[in-house]
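*Asks:* Residue 58 in this note's numbering sits at position 78 of the sequence shown, and the numbers go up by one each step. Note that beta-carbon positions come from the ideal geometry of N, C-alpha and C, so glycine has one too. From a predicted model like this one, the values you see are computed outputs, not experimental measurements.
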Amino acid sequence: MQSLYQILMLILDIVWFIIIAHVIMSWLISFQVLNLRQPLVAQIWDGLNRLLDPIYSRIRRILPPMSGLDLAPLVALVGIYAIRIILANNAALFYSY
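This is the structure:
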């Protein structure tokens, strides 16, 4: 059971890192530090969007429109952190028996 817990935590860590990378890259593109006309940047950006669009689209359906401000990454990060807390608390309860 411990190994399943560790695998789930690893997956959540990877998703956390991908979301943070997406947010930082979106800022760099917005401030024109990165240019989407560069093939490598465009491929990484497209890949991150394809990975995260299923998560963000579900969150965006629930959130009200914020006139250009996208809170989906923040809600996703808070959700991942909440799942980590739930897993950690349940793992502690499971191992206490």
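In the DSSP assignment, find the alpha helix (DSSP H) that holds PRO34 and state where it starts and stops.
*Replies:* Numbered from its first residue, the sequence shown carries residue 34 at position 54. First-last of the alpha helix (DSSP H) with PRO34: 19 to 42.
*Asks:* What's the gap between the Cα of ARG40 and the Cα of GLY59?
*Replies:* The residue labelled residue 40 in the question sits at position 60 within the sequence shown. The residue labelled residue 59 in the question sits at position 79 within the sequence shown. Approximately 14 Å between the Cα atoms of the pair.
*Asks:* On the criterion of 16 or more Cβ atoms from any shown chain inside 10 Å, does ILE42 qualify as buried, or is it exposed?
*Replies:* Numbered from 1 along the sequence shown, position 62 holds the residue referred to as residue 42. ILE42 should be labelled exposed.
*Asks:* Who are the near neighbours of ASN15 in its chain, counting only those whose CB is closer than 7 Å to its CB and skipping five residues on each side?
*Replies:* Translated into positions along the sequence shown, residue 15 becomes position 35. Within the same chain, ASN15 has close Cβ partners VAL21.
*Asks:* Which residues mark the beginning and the end of the alpha helix (DSSP H) in which PHE(-3) is found?
*Replies:* Locating residue -3 in the sequence shown gives position 17, counting from the first residue. Its alpha helix (DSSP H) spans residues -18 to 10.
*Asks:* Output the distance between the C-alpha atoms of GLN23 and ARG30, rounded to the nearest integer angstrom.
*Replies:* The residue labelled residue 23 in the question sits at position 43 within the sequence shown. The residue labelled residue 30 in the question sits at position 50 within the sequence shown. Approximately 10 Å between the Cα atoms of the pair.
*Asks:* With distances taken Cα to Cα, identify the nearest neighbour of LEU(-12) among ARG64, ALA72, ASN69.
*Replies:* Within the sequence shown, the letter at position 8 stands for residue -12. The shortest Cα separation from LEU(-12) among ARG64, ALA72, ASN69 belongs to ARG64.
*Asks:* How about LEU28 and ALA1: do their beta carbons lie closer than 8 Å?
*Replies:* Here residue 28 corresponds to residue number 48 of the sequence shown, with the count starting at 1. Here residue 1 corresponds to residue number 21 of the sequence shown, with the count starting at 1. Contact flag set, yes.
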